[in-house]
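Undergrad: For reference, the structure I am asking about is given below.
The following block contains the structure:
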């Protein structure tokens, strides 16, 4: 089932060729999670009692809201750095941008663009810091990126809660806490609420399709596809395949890894702005904390794994995951009579999906390793094995 | 070759930064938002009193944002400084509607702007009908003061996912 | 504040900097500065010290729960919530079965034990399957189990009126008071009180008992085998040690200590916290042991004691001192930065053993 041989010969592995006989098993193995989710949704949808029109409307809205964020995860996976739990950093950069924009009273799409431009330098700085730390923590990138998101959250709170308004000028009392410094728990983004979604929006039988948002998402997809083919993109994939081989081929491994994290962080920042313009308000201290977890869970639900993810995974994942999210509470309430059960259930499922994906990845990695060791042993010992 | 590349890279980078800065500046100009308040209230100017009409309907972007009887105030958000609105004035009850299209420049540094419509319609100078809206100081509430931790409970979760979308 | 920091630095710089590590030194200096500053800004030092000791007793065993897994090379136990859940099951069942007073504490430990053994074995079995990726998976095993138990707390047929929601009569409350059960039973045992200064002797003794138990265990044959597995698994295997079995044992021990740790925490805190409360309890424990000088694959009882004192000292001292000095309560933010920064620092260190 696993591709032990493939990884051994690096070039073959790079082409991601799967030999014919294993294809079916691989298909099942790689798609356990999506299949599981389709079953969960198939059970929950009739029970929840939502109309198809409502569900489609919700899914379309949530796709517009979340897809960009999830796409931010693809590049670090390409570079072999696993799931970038540090995408929260980009979200925080975006929030800082949005706070300023809200304070300067820049409305609508210009406000979004300005917030994006503001977020770029912050995202890049955080991305470089994160990348450097991850380079020092090779082999435990994921847990390190996960802790980084907490660490930077501390710094973010330090800046937003204590420095904004006291050192960094913030004018408006609608943004600032009454005590004179610090930002309020909620910052209203009413003036940019769904401004991108409403641009060019079309209505098909009661389903609002945010065309402009989808165009932006499409541009990012095209960029990612194009980027994979560039020299840098190729380098990243080489680093992702095997760091030592890449280094031997003259690639600056550390730098390439940092760039991949920086790109991911910047994209996550843009994604967060798109997400928040849809929501219409910013929960200063909690909006970002969940983003990484949901984006990662959605990506994994789409059939991605820690070392392999495609744009298709993103779209399938966002649909299935959010379908589950919409129907689970209501289905849970109908089954058990307690609305909280469904809410806890979907939280549980989100975490369980990530856990299962991580376990599958690690077992696969380990099996490949031991197969390689066996192969080596067999080669050395001749015919004994 | 290599130095040339880096030079080009440097130029390219500076160019990008410059373009971004330009876009940012442009966004400042076109994206600056104002809240415009419309007063259908009596105005005093140089000793003369301007009477209010019976009703003024205010349309901004073809959307009625205010239906102001005498003494009422309406409001609208506007992006940029070139403000346009259409007024439908009913002088007396049951009277005919007069339509006036108004275009004016909003001062950049004012967040909230009060327009006194009767004064404006009477053709008085700008300082007679345009004034800055100063929000009343918000009463200090301690409830918004809570410190947030790194512990995300279910609350954060719900906030993130549950807020209703759509119109 | 700056001055005192440099002074202490100067005094200690030679002997400690290598063995201690810079971040640890900064934290220790910071705490020392807090203690020196405390009397000047009007904080009552005896109360502060008593608080620190108290908090040490609450959290000590949770930090101790890191030790076995670090020793066997399983890394930092981010899956501590699993042990905590066993403890919570023990606590709630003990109350449900009608135990009261000090008995309920020991009943809770006894009831929690089988849960800890079962969950720990499953968890250990899982971690044996995914050697090398323990920490990330441990984190998510913890999260999944906590969110799974959220459903269970609502669904399990608990009936004790002290624990369930008053209106519906079912589903456990988010916080359950331990008044009349085991609140303060350890702390009040042989308690020494001098003015504002108090020592919770019983709780200290309980911690000492546990710590001694672990210390003694690590010096038995199995204990040394555990250390061998952690420092060099290939060598351990060659020496005929069943690596997987030892690792499994360490995970079970960590889980059980987590269960006992949360019970000790509850007896000090006075409440059982259910639902999402255990979610992040691993992180303070992890950073405490790291502050105490442990690394991803090396931890001693001394690390536990020093780390817990430093960490809890900062947690108790910063709010009071900070509030008085700059009139801003930045303690929460400082705690986050210090603890997460410490974990990050440890993760980026090159592992001293053969693998991380």
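Protein chains in written order, with this note's numbering: chain A, 1 to 385; chain B, 1001 to 1167; chain C, 2001 to 2356. We put the beta carbon where it would ideally sit given N, CA and C, even for glycine. Remember, predicted model here, so these are calculated numbers, not experimental data.
#1: Given that a residue counts as buried once 16 or more other Cβ atoms are within 10 Å of its Cβ, and exposed if not, what is residue 1027 of chain B?
#2: Could you tell me whether the Cβ of residue 2148 of chain C comes closer than 8 angstroms to any Cβ of chain A?
#3: Going by the CB atoms, is the gap between residue 1115 of chain B and residue 1036 of chain B shorter than 8 angstroms?
#4: Give a yes or no on whether the C-beta atoms belonging to residue 141 of chain A and residue 2133 of chain C are separated by under 8 angstroms.
#5: Is the region 2085–2097 of chain C touching the region 2029–2036 of chain C, taking contact as three or more C-beta pairs under 8 angstroms?
#6: Let me confirm a value: residue 299 of chain A is counted as buried when at least 16 other C-beta atoms fall within 10 Å, else exposed. Which label applies?
#7: Just to confirm before moving on: does the CB-CB distance between residue 2057 of chain C and residue 2203 of chain C stay below 8 angstroms?
#8: Can you give, in chain order, each stretch of the alpha helix (DSSP H) that sits fully within the region 2224–2296 of chain C and has at least 4 residues?
#9: Where does residue 1082 of chain B land, buried or exposed, given buried means 16+ other C-beta within 10 angstroms?
#10: Taking the CB atoms as reference points, tell me whether residue 2060 of chain C and residue 2300 of chain C lie closer together than 8 angstroms.
#11: For residue 205 of chain A, is the classification buried or exposed, using 16 other Cβ atoms within 10 angstroms of its Cβ as the cut-off for buried?
#12: Which of the three DSSP states, helix, strand or coil, is assigned to residue 1019 of chain B?
#13: Using a Cβ-Cβ distance cut-off of 8 angstroms, determine whether residue 258 of chain A contacts chain C.
#14: Given that a residue counts as buried once 16 or more other Cβ atoms are within 10 Å of its Cβ, and exposed if not, what is residue 171 of chain A?
#15: So is residue 363 of chain A in contact with chain C if we call contact Cβ pairs under 8 angstroms?
#16: What does residue 154 of chain A reach in chain C if we use C-beta pairs closer than 7 angstroms?
#17: Taking C-beta to C-beta, are residue 295 of chain A and residue 66 of chain A nearer than 8 angstroms?
#18: Counting only Cβ pairs nearer than 7 angstroms, list the residues of chain B close to residue 105 of chain A.
#19: Please classify residue 1140 of chain B as buried or exposed, where buried requires at least 16 neighbouring CB atoms within 10 angstroms.
#20: Is the CB of residue 2087 of chain C under 8 angstroms away from at least one CB in chain A?
#21: Should the region 130–144 of chain A be called in touch with the region 250–262 of chain A, which here means at least 3 C-beta pairs below 8 angstroms?
#22: Considering only residues of the same chain and omitting the five flanking positions on each side of residue 332 of chain A, which have a CB-CB separation below 6 angstroms?
#23: What are the start and end residues of each continuous alpha helix (DSSP H) run of 4 or more residues lying completely inside the region 2040–2089 of chain C, in chain order?
#24: If we ignore side chains and look at the alpha-carbon of each, how far apart do residue 381 of chain A and residue 2070 of chain C end up?
#25: Can you give me the C-alpha to C-alpha distance between residue 1107 of chain B and residue 2289 of chain C, rounded to a whole angstrom?
#26: Taking the beta carbon of residue 1014 of chain B as the centre, do at least 16 other beta carbons fall within 10 Å, making it buried, or is it exposed?
#27: Counting beta carbon pairs with one atom in the region 2261–2274 of chain C and one in the region 2102–2112 of chain C, are three or more of them shorter than 8 angstroms?
#28: Would residue 364 of chain A be called buried (16 or more neighbouring beta carbons within 10 Å of its own) or exposed?
#29: Helix, strand or coil: how does DSSP classify residue 2174 of chain C here?
#30: Counting only C-beta atoms, is residue 2166 of chain C closer than 8 angstroms to chain A at any point?
#31: For residue 256 of chain A, which residues in the same chain have their Cβ closer than 6 angstroms to its Cβ, ignoring the five residues on either side in sequence?
#32: Residue 247 of chain A touches chain C at which residues, Cβ-Cβ below 8 angstroms?
#33: Could you tell me which chain A residues have their CB closer than 9 angstroms to the CB of residue 1024 of chain B, listed as they occur along the chain?
#34: Taking buried to mean at least 16 other C-beta atoms within 10 Å of its own C-beta, is residue 1146 of chain B buried or exposed?
#35: Take residue 90 of chain A and list the residues in its own chain whose beta-carbon comes closer than 6 angstroms to its own, dropping the five residues that flank it on each side.
#36: Measure the C-alpha to C-alpha separation of residue 1143 of chain B and residue 370 of chain A and round it to an integer number of angstroms.
TA: Per the coordinate set shown:
#1: The sequence position of residue 1027 of chain B within the second chain is 27, counting from 1. With 16 or more other Cβ atoms within 10 Å, it is buried.
#2: Locating residue 2148 of chain C in the third chain gives position 148, counting from the first residue. Yes, because at least one Cβ of chain A sits closer than 8 angstroms to the Cβ of residue 2148 of chain C.
#3: To locate residue 1036 of chain B, count along the second chain from 1; it is residue 36. To locate residue 1115 of chain B, count along the second chain from 1; it is residue 115. Result yes, Cβ atoms of residue 1036 of chain B and residue 1115 of chain B sit closer than 8 angstroms.
#4: The residue labelled residue 141 of chain A in the question sits at position 141 within the first chain. The residue labelled residue 2133 of chain C in the question sits at position 133 within the third chain. A distance of 8 angstroms or more separates the beta carbons of residue 141 of chain A and residue 2133 of chain C.
#5: Touching, no, given that fewer than three Cβ pairs across the two stretches are closer than 8 angstroms.
#6: In the first chain, counting from the first residue as 1, residue 299 of chain A sits at position 299. By the neighbour-count criterion, in which a residue is buried when 16 or more other Cβ atoms sit within 10 angstroms of its Cβ, residue 299 of chain A is buried.
#7: By 1-based counting over the third chain, the position of residue 2057 of chain C is 57. By 1-based counting over the third chain, the position of residue 2203 of chain C is 203. Yes, the pair counts as a contact, with Cβ atoms nearer than the cut-off.
#8: Entirely contained in the region 2224–2296 of chain C, the alpha helix (DSSP H) runs reaching 4 residues are, in chain order, 2233–2238, 2243–2269 and 2282–2291.
#9: Locating residue 1082 of chain B in the second chain gives position 82, where the first residue counts as 1. Around the beta carbon of residue 1082 of chain B, fewer than 16 other beta carbons lie within 10 angstroms, which makes this residue exposed.
#10: Counting from 1 along the third chain, the entry for residue 2060 of chain C is found at position 60. Counting from 1 along the third chain, the entry for residue 2300 of chain C is found at position 300. At a Cβ-Cβ threshold of 8 angstroms, residue 2060 of chain C and residue 2300 of chain C do not count as neighbours.
#11: By 1-based counting over the first chain, the position of residue 205 of chain A is 205. An exposed status is given to residue 205 of chain A, since fewer than 16 other beta-carbon atoms sit within 10 Å of its beta-carbon.
#12: The sequence position of residue 1019 of chain B within the second chain is 19, counting from 1. Assigned with DSSP and collapsed to three states, residue 1019 of chain B falls in helix.
#13: Translated into positions along the first chain, residue 258 of chain A becomes position 258. It does not: the Cβ of residue 258 of chain A has no partner Cβ on chain C nearer than 8 angstroms.
#14: Locating residue 171 of chain A in the first chain gives position 171, counting from the first residue. With fewer than 16 neighbouring CB atoms inside 10 Å of its own CB, residue 171 of chain A falls in the exposed class.
#15: Numbered from its first residue, the first chain carries residue 363 of chain A at position 363. So, interface residue.
#16: Within the first chain, the letter at position 154 stands for residue 154 of chain A. Those within 7 angstroms of residue 154 of chain A in chain C are 2333, 2336, 2337 and 2340.
#17: For the purposes of this step, residue 295 of chain A is identified with residue 295 of the first chain, where counting begins at 1. For the purposes of this step, residue 66 of chain A is identified with residue 66 of the first chain, where counting begins at 1. Yes; because the gap between Cβ atoms is below 8 angstroms, this pair is in contact.
#18: Against the first chain, residue 105 of chain A aligns to sequence position 105. Correct list: 1032, 1033 and 1111.
#19: Numbered from 1 along the second chain, position 140 holds the residue referred to as residue 1140 of chain B. Unreliable positioning characterises residue 1140 of chain B in this predicted model, as indicated by a pLDDT of 49, which lies under 50. A coordinate reading is not provided.
#20: Walking along the third chain from the start, residue 2087 of chain C turns up at place 87. The C-beta of residue 2087 of chain C comes no closer than 8 angstroms to any C-beta of chain A.
#21: The region 130–144 of chain A is in contact with the region 250–262 of chain A.
#22: The residue you call residue 332 of chain A lines up with position 332 of the first chain. Excluding positions up to five away in sequence, the list reads 341, 342 and 345.
#23: DSSP runs (the alpha helix (DSSP H)) wholly in the region 2040–2089 of chain C: 2045–2064 and 2067–2071.
#24: Reading the first chain from its first residue, position 381 is the one you call residue 381 of chain A. Reading the third chain from its first residue, position 70 is the one you call residue 2070 of chain C. Distance between the alpha carbons of residue 381 of chain A and residue 2070 of chain C: 36 angstroms.
#25: Translated into positions along the second chain, residue 1107 of chain B becomes position 107. Translated into positions along the third chain, residue 2289 of chain C becomes position 289. Cα-Cα distance, rounded: 59 angstroms.
#26: Residue numbering aside, residue 1014 of chain B sits at position 14 when the second chain is read from its first letter. Flag for residue 1014 of chain B reads exposed.
#27: With three or more CB-CB distances shorter than 8 angstroms, the region 2102–2112 of chain C counts as touching the region 2261–2274 of chain C.
#28: Here residue 364 of chain A corresponds to residue number 364 of the first chain, with the count starting at 1. Buried is the call here.
#29: Sequence index remark: in the third chain, residue 2174 of chain C carries index 174 (1-based). Coil.
#30: As a working note, residue 2166 of chain C is residue 166 in the third chain. Closer than 8 angstroms: no.
#31: Residue 256 of chain A sits at position 256 when you count from the first residue of the first chain. Contacts found: 235, 236 and 239.
#32: Reading the first chain from its first residue, position 247 is the one you call residue 247 of chain A. Here the premise fails: no neighbours, minimum Cβ distance about 18 angstroms.
#33: Translated into positions along the second chain, residue 1024 of chain B becomes position 24. Going along chain A in sequence order, the residues near residue 1024 of chain B (Cβ under 9 angstroms) are 113, 114, 117 and 118.
#34: Along the second chain, one-based indexing puts residue 1146 of chain B at 146. The predicted model places residue 1146 of chain B with a pLDDT of 41, which falls under 50 and marks its position as unreliable, so this point remains unresolved.
#35: By one-based count along the first chain, residue 90 of chain A stands at place 90. The answer, listed in chain order, is 123, 265, 268 and 269.
#36: Locating residue 1143 of chain B in the second chain gives position 143, where the first residue counts as 1. Locating residue 370 of chain A in the first chain gives position 370, where the first residue counts as 1. Its pLDDT being 44, under 50, residue 1143 of chain B is placed unreliably by the model, and the measurement read from it follows with that caveat. Computed Cα separation, rounded: 58 angstroms.
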